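2 protein chains.
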Amino acid sequence: MPSAAGRGQGKDRRPDNEEQPAADDYAKERYGVSSMIQSQEKPDRVLVRIKDLTEEKADEVVWVRGRVHTSRAKGKQCFLVLRQQQFNIQALVAVGQHASKQMVKFAANINKESIVDVEGVVRKAHQKIGGCTQQDVELHVQRIYVISLAEPRLPLQLDDAVRPEVEGEEDGRATVNQDTRLDNRVIDLRTSTSQAVFCLQSGICQLFRETLIRKGFVEIQTPKIISAASEGGANVFTVSYFKSSAYLAQSPQLYKQMCICADFEKVFCVGPVFRAEDSNTHRHLTEFVGLDIEMAFNYHYHEVVDEIADTLVQIFKGLQERFQAEIQMVNKQFPCEPFKFLEPTLRLEYREAVAMLREAGIEMGDEEDLSTPNEKLLGRLVKEKYDTDFYILDKYPLAVRPFYTMPDPVNPKNSNSYDMFMRGEEILSGAQRIHDPQLLTERAKHHGIDLEKIKAYIDSFRFGAPPHAGGGIGLERVTMLYLGLHNVRQTSMFPRDPKRLTP
Amino acid sequence: MPSAAGRGQGKDRRPDNEEQPAADDYAKERYGVSSMIQSQEKPDRVLVRIKDLTEEKADEVVWVRGRVHTSRAKGKQCFLVLRQQQFNIQALVAVGQHASKQMVKFAANINKESIVDVEGVVRKAHQKIGGCTQQDVELHVQRIYVISLAEPRLPLQLDDAVRPEVEGEEDGRATVNQDTRLDNRVIDLRTSTSQAVFCLQSGICQLFRETLIRKGFVEIQTPKIISAASEGGANVFTVSYFKSSAYLAQSPQLYKQMCICADFEKVFCVGPVFRAEDSNTHRHLTEFVGLDIEMAFNYHYHEVVDEIADTLVQIFKGLQERFQAEIQMVNKQFPCEPFKFLEPTLRLEYREAVAMLREAGIEMGDEEDLSTPNEKLLGRLVKEKYDTDFYILDKYPLAVRPFYTMPDPVNPKNSNSYDMFMRGEEILSGAQRIHDPQLLTERAKHHGIDLEKIKAYIDSFRFGAPPHAGGGIGLERVTMLYLGLHNVRQTSMFPRDPKRLTP
């Protein structure tokens, strides 16, 4: 519980070295630094949420806990902006019946980002208060206590951190570079943009699982520490495991497939995926979150492709419906066209994509993989032609896919595999997997893979395995591309790349 | 698409080396081994689920895909039990209009666990069919094709794997030991018990998140590769990270707390947690799934304790309501009293627990931690006195808790910390965390922790931090104890312990 200034620990914890409240300060009980909240009491005081402070509450006395977003002293008055997540309100401390000169000075000296408890009367504003989410009311402060004091020098300013970059360049006003943001993530994550990005990301996970559970999928948990590098050993992190060593899983694929062989039929998992790739690009992380799906099908892997595509469509729709405020908040700083998609999802064959690219002047072979620039160009061509930011590319050349990919039954140079794209960037890779141990062995040999190392994998299919397909979605990429952001580090709370392991 | 016997690849893939179908076999098109399903076609044949085969479908002709659970030839007939997840039905292949002698022989020779497509007429059974979930109907087979052939020798028998252990000892009938199960997990997971355990576990995750999202929590994703061992460096796995090294997170706690400092207010995460402990017990794993919660509170950490306890209660209730069939399925093999809990949850103080134990004849000091046997004894005492399998133990001695635990404001030997127990075993540990950098520094020094190593942690609280508390729940333990199982390896799909890294 906040204690009044001059009581308890508060005495020693003034925000700066100003003098103690004068004995003749008639407001001295009405402000100060509270003793640390250590669960001393269970008062029945209600703290009202800032977002609920509207004209309906006019003339009510309320208690609010918020951060000091800005403060500005002006003669006998001090204007504070109090912030709570993405909401904020103007609070006025003015010399008068409730506040003394000393109290105004105290309020004006509270470091930005400190957390305060404020008692005040909600008053209708004479004119709209620009820059605050609560534009129609302000709070006339009667008591103010510091709950947690911030250090005086912030490593970055929140206002700078939400400034659109173009404006910053035009105006010469400060913006915050990415490393400063990431080095001081606790503060950077407080911005309205970051709050919106990560609430929306939480929503993507929720919609992904909601949709799949509705479709009859079961959630599985797969191990991240594995005994053998699943895909040949490249790009894998090594872990010391007691007296031996182990690896970090590059994907849950083997385990998803084992669950299919174990009759779970439709499974999904959400979890970290590790790639020891020394790629320093806008879209690679060494640790990211995989949204993974695997499903037994009856006759054709398109049964699975349709389920995955529909799951993504349900996510896009759910975001539109439930996260409109967050999308608009991010757009303020990073303007972007709304994300477009078709129902049913557009599915092109790889050869059609190659034809489109050739028509646009690109030279490439039939069995050549898509380069990143070609991927993006293709995204633009597809957008022009079909007006969609989301599509499936089906029937990749067998040569560019992993050994466990099912060959196409008609054209042996093709495979039953697919990628999915958002705004011209790959967000999912998937395939029908070979469920026959004999064919799997042949294909592994053809790829020069040491059969001894994948014995456990192949053995999983020896006791009856249904035909199945699946895919893995990169969560951070989906968030980035849905919102039209440009770096996956903006959509990973604590990103990991070859050069960053902290915070 | 299944092709008839004698066509395509089927020719070369007979389940055993029997002769080719005789030319005079009038049923030769009606059975065989299908060519591998490679997505050749999109037929409109509907495969009916075994669980939907009831008297209502009597006399209908249906197609079913299932595993051969058992087969038994008897003169001119062959009885198969076809299984699909936890459901099964008897299928009869009998010499007659549709089936020849050769076809019956073919069916009788299909290896157990093979996947078959069967066309048959649903017929009312003359008497209840024991041992099948579909007791009132059987399937009179008209066509049967092998979709995926299992090897003839199974490493374990599913019937043995679901046999209650007591019965096995009494009868001298086989059961399957744990290592055999885990070594052949793909088959062990097919049992009705395993299917039920892991469907219920999927439900726990779902109920956990559903409840928290309803309470306004945000899901976060925290990194598992970290640069510094968070709690001093013991029991941590080391990862080689490019030219340097890193660690695997022992808990998401630091990151949860950073999210609280970043104003997310209420967060949760579900993800792997790594402990390099050489503990070979029934309840320790080196990798398990943590259900983690962290929450800012207003005045008292009991606000958080109440939310966590209610979340667990919502999980228990949801399981009762939605997973009754699974609970009963597991109980068949592992009989157990139903899980009991109170609303609101019983909360005892540590000193009360010590008094109860002393009354039961245990000698222990006021500031001594609970040993595992004492924990279990206490569980029995609490059950006797309060009739609950779930309770909270609050106010642990400060001496037995980590440095970041908030001391009790009244009695400095105590702390604002708590554990939660199910059937006498700990499933959650939590506390109010110290949110004041100065006190945190003092407590770290008192514990002899190198301040340099936890600098980033302490610095997180320097820019205003709300009071907060949280806790971490072990998913596998909750599943185990809710179902009254006796080993956490039964509730981890692919368990990891000091001696097991495969499959």
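If you read the sequences in order, they're chains R and P.
Going left to right, the first sequence walks through residues 1 to 503 as the UniProt record's numbering numbers them.
Going left to right, the second sequence walks through residues 1 to 503 as the UniProt record's numbering numbers them.
All C-beta atoms, glycine included, are put in the ideal place defined by N, C-alpha and C.
Predicted model only: the values in this text are computed from it and were never measured.
query = Taking 9 Å as the CB-CB limit, is glutamate 18(P) close to chain R?
reply = Translated into the one-based positions of the second sequence, residue 18(P) becomes position 18. Per-residue confidence for glutamate 18(P) stands at a pLDDT of 49, beneath the threshold of 50, marking its modelled position as unreliable; no derived number is given.
key: Continuous beta strand (DSSP E) assignments of at least 3 residues falling wholly in the stretch 406-445 of chain R   = 417-422, 425-433, all fully within the stretch 406-445 of chain R.
CB contact flag (leucine 285(R), arginine 489(R), <9 Å) = The residue given as residue 285(R) occupies position 285 in the first sequence. The residue given as residue 489(R) occupies position 489 in the first sequence. Yes, the pair counts as a contact, with Cβ atoms nearer than the cut-off.
query = Which bits of chain P does methionine 493(R) rub up against, with CB to CB less than 9 Å?
reply = Against the first sequence, residue 493(R) aligns to sequence position 493. Residues of chain P passing the Cβ test: Ile220, Gln221, Thr222, Pro223, Tyr255, Met258, Cys259, Ala262.
query = Are the C-beta atoms of phenylalanine 403(R) and some chain P residue less than 9 Å apart?
reply = Translated into positions along the first sequence, residue 403(R) becomes position 403. Taking a beta-carbon distance threshold of 9 Å, phenylalanine 403(R) does not count as an interface residue toward chain P.
ask   = Any C-beta of chain P sitting closer than 9 Å to the C-beta of threonine 502(R)?
value = Residue mapping note: residue 502(R) aligns to position 502 of the first sequence, counting from 1. At a cut-off of 9 Å between beta carbons, threonine 502(R) contacts chain P.
query = Hey, glutamine 90(R) and phenylalanine 79(R) are a contact pair by Cβ (cut 8 Å); roughly how many whole angstroms apart?
reply = In the first sequence, counting from the first residue as 1, residue 90(R) sits at position 90. In the first sequence, counting from the first residue as 1, residue 79(R) sits at position 79. Rounded to the nearest angstrom, the Cβ distance from glutamine 90(R) to phenylalanine 79(R) is 6 Å, consistent with a contact under 8 Å.
Beta strand (DSSP E) segment containing proline 373(P), residue limits = One-based indexing of the second sequence puts residue 373(P) at position 373. Not the beta strand (DSSP E): proline 373(P) falls in the alpha helix (DSSP H), residues 372-386.
request  = Work out the CA separation of aspartate 366(R) and glycine 379(R) for me, nearest whole Å.
outcome  = Residue numbering aside, residue 379(R) sits at position 379 when the first sequence is read from its first letter. Residue numbering aside, residue 366(R) sits at position 366 when the first sequence is read from its first letter. Each residue's alpha carbon lies about 18 Å from the other.
message = Among the candidates Asn374(R), Asp310(R), Lys74(R), Val61(R), whose CA atom is the shortest distance from the CA of threonine 345(R)?
response = Your numbering for residue 345(R) matches position 345 in the first sequence. Minimum Cα distance to threonine 345(R) is reached at Asp310(R).
ask   = For proline 2(P), does the count of other Cβ atoms within 10 angstroms reach 16, so buried, or fall short, so exposed?
value = What you label residue 2(P) is simply residue 2 of the second sequence in a count that begins at 1. Reliability of the predicted coordinates at proline 2(P) is poor, the pLDDT of 43 falling under 50, and no value is obtained from them.
ask   = Within 9 Å (strictly less), CB to CB, does serine 194(P) reach chain R?
value = Stepping through the second sequence from its first residue, residue 194(P) is reached at position 194. It does; some Cβ of chain R falls within 9 Å.
query = Got a sec: is the Cβ-Cβ distance from serine 244(P) to anything in chain R below 9 Å?
reply = For the purposes of this step, residue 244(P) is taken as the residue at position 244 of the second sequence. Closer than 9 Å to some Cβ of chain R, the Cβ of serine 244(P) qualifies, so yes.
message = Check whether the stretch 468-479 of chain P and the stretch 291-300 of chain P are in contact - that is, three or more C-beta pairs closer than 8 Å.
response = Enough Cβ pairs lie closer than 8 Å, so yes.
ask   = Can you tell me the Cα-Cα spacing of valine 162(R) and threonine 191(R), whole angstroms?
value = For the purposes of this step, residue 162(R) is identified with residue 162 of the first sequence, where counting begins at 1. For the purposes of this step, residue 191(R) is identified with residue 191 of the first sequence, where counting begins at 1. Cα to Cα, valine 162(R) sits roughly 7 Å from threonine 191(R).
Methionine 36(P), DSSP secondary structure in three states = Reading the second sequence from its first residue, position 36 is the one you call residue 36(P). In the structure shown, methionine 36(P) falls within a coil segment according to DSSP collapsed to helix, strand and coil.
message = Run through chain R and tell me which residues come within less than 8 Å of leucine 47(P), C-beta to C-beta.
response = For the purposes of this step, residue 47(P) is identified with residue 47 of the second sequence, where counting begins at 1. Leucine 47(P) reaches chain R at Asn298, counting residues in chain order whose Cβ is nearer than 8 Å.
message = Can you list, in chain order, the residues of its chain with a C-beta nearer than 8 Å to that of leucine 377(R)? Leave out the 5 residues immediately preceding and following it.
response = The residue you call residue 377(R) lines up with position 377 of the first sequence. Counting only Cβ-Cβ distances below 8 Å, and skipping sequence neighbours, we find Leu357, Ala360, Ile362, Gly424.
query = Which bits of chain P does histidine 302(R) rub up against, with CB to CB less than 8 Å?
reply = Residue numbering aside, residue 302(R) sits at position 302 when the first sequence is read from its first letter. Neighbours of histidine 302(R) on chain P, chain order: Ser39, Lys42.
message = Would glycine 484(P) pass as an interface residue toward chain R - the criterion being a Cβ-Cβ separation below 9 Å?
response = As a working note, residue 484(P) is residue 484 in the second sequence. Glycine 484(P) has a beta carbon lying at 9 Å or more from every beta carbon in chain R.
message = Suppose the cutoff is 6 Å on Cβ atoms and the five residues either side in sequence are ignored; what does the same chain contact list for glutamine 84(P) look like?
response = Taking the first residue of the second sequence as position 1, residue 84(P) is located at position 84. These residues qualify, in order along the chain: Ile50, Gly66.
Spatially closest choice to glutamine 77(R) from Lys101(R), Leu207(R), Leu342(R), Val33(R), by CA coordinates = Translated into the one-based positions of the first sequence, residue 77(R) becomes position 77. When only C-alpha atoms are compared, the closest one is Lys101(R).
ask   = Which of the residues in the stretch 259-288 of chain P, read from start to end, lie with their CB under 8 Å from any CB of chain R?
value = Contacts with chain R (Cβ-Cβ distance below 8 Å) from the stretch 259-288 of chain P involve Cys259, Cys261, Ala262, Asp263, Phe264, Glu265, Val270, Gly271, Pro272, Phe274, Ala276, Asp278, Thr286, Glu287, listed in chain order.
ask   = For glutamate 287(P), which three-state DSSP category applies?
value = By one-based count along the second sequence, residue 287(P) stands at place 287. Glutamate 287(P) falls in the strand class under three-state DSSP.
task = Measuring only between beta-carbons, confirm whether glutamate 119(P) sits less than 9 Å from chain R.
result = Position 119 of the second sequence holds residue 119(P). No, because no Cβ of chain R sits closer than 9 Å to the Cβ of glutamate 119(P).
key: Buried versus exposed call for arginine 283(R) [16 or more other C-beta atoms within 10 Å across all chains shown]   = Position 283 of the first sequence, counting from 1, holds the residue named residue 283(R). The residue in question, arginine 283(R), is buried, as its Cβ has 16 or more Cβ neighbours within 10 Å.
task = Assign aspartate 159(P) to one of three DSSP states: helix, strand, or coil.
result = Taking the first residue of the second sequence as 1, we reach residue 159(P) at position 159. Aspartate 159(P): helix per DSSP, three-state reduction.
task = Check the Cβ-Cβ distances between alanine 325(R) and every residue of chain P, and say whether any is below 9 Å.
result = Sequence index remark: in the first sequence, residue 325(R) carries index 325 (1-based). No - not a single Cβ of chain P is within 9 Å of the one on alanine 325(R).
CA-to-CA distance, glutamine 86(P) to arginine 30(P), given in whole angstroms = Position 30 of the second sequence, counting from 1, holds the residue named residue 30(P). Position 86 of the second sequence, counting from 1, holds the residue named residue 86(P). Taking C-alpha positions only, arginine 30(P) is separated from glutamine 86(P) by approximately 28 Å.
ask   = Taking C-alpha atoms, which residue in Ile147(P), Ser39(P), Val141(P) lies nearest to alanine 27(P)?
value = Translated into positions along the second sequence, residue 27(P) becomes position 27. Residue Val141(P) holds the alpha-carbon nearest to the alpha-carbon of alanine 27(P) among Ile147(P), Ser39(P), Val141(P).
Enclosing alpha helix (DSSP H) for alanine 456(P) [first to last residue] = Within the second sequence, the letter at position 456 stands for residue 456(P). Looking at the DSSP string, the run of the alpha helix (DSSP H) that includes alanine 456(P) is 455-459.
ask   = Under a Cβ-count criterion, where at least 16 other Cβ atoms within 10 Å of its own Cβ denotes burial, should asparagine 280(R) be classed as buried or exposed?
value = If you number the first sequence from 1, residue 280(R) lands on position 280. With a 10 Å radius around the Cβ and a threshold of 16 neighbouring Cβ atoms, asparagine 280(R) comes out exposed.
task = Output, in chain order, the set of chain P residues within a Cβ distance shorter than 8 Å of asparagine 416(R).
result = Mapped onto the first sequence, residue 416(R) falls at position 416. Within chain P, the residues near asparagine 416(R) are Gln38, Ser39.
request  = Give the single residue among Leu370(R), Glu343(R), Ala125(R) whose Cα lies nearest to the Cα of valine 354(R).
outcome  = Sequence index remark: in the first sequence, residue 354(R) carries index 354 (1-based). Minimum Cα distance to valine 354(R) is reached at Leu370(R).
query = Does the count of Cβ pairs from the stretch 299-317 of chain P and the stretch 385-396 of chain P closer than 8 Å reach three?
reply = Yes: at least three Cβ pairs fall under 8 Å.
task = If I'm right that valine 104(R) touches isoleucine 110(R) with Cβ under 8 Å, what's the distance once you round it to whole angstroms?
result = Against the first sequence, residue 104(R) aligns to sequence position 104. Against the first sequence, residue 110(R) aligns to sequence position 110. Actually they are not in contact, since the Cβ atoms of valine 104(R) and isoleucine 110(R) sit about 11 Å apart, beyond 8 Å.
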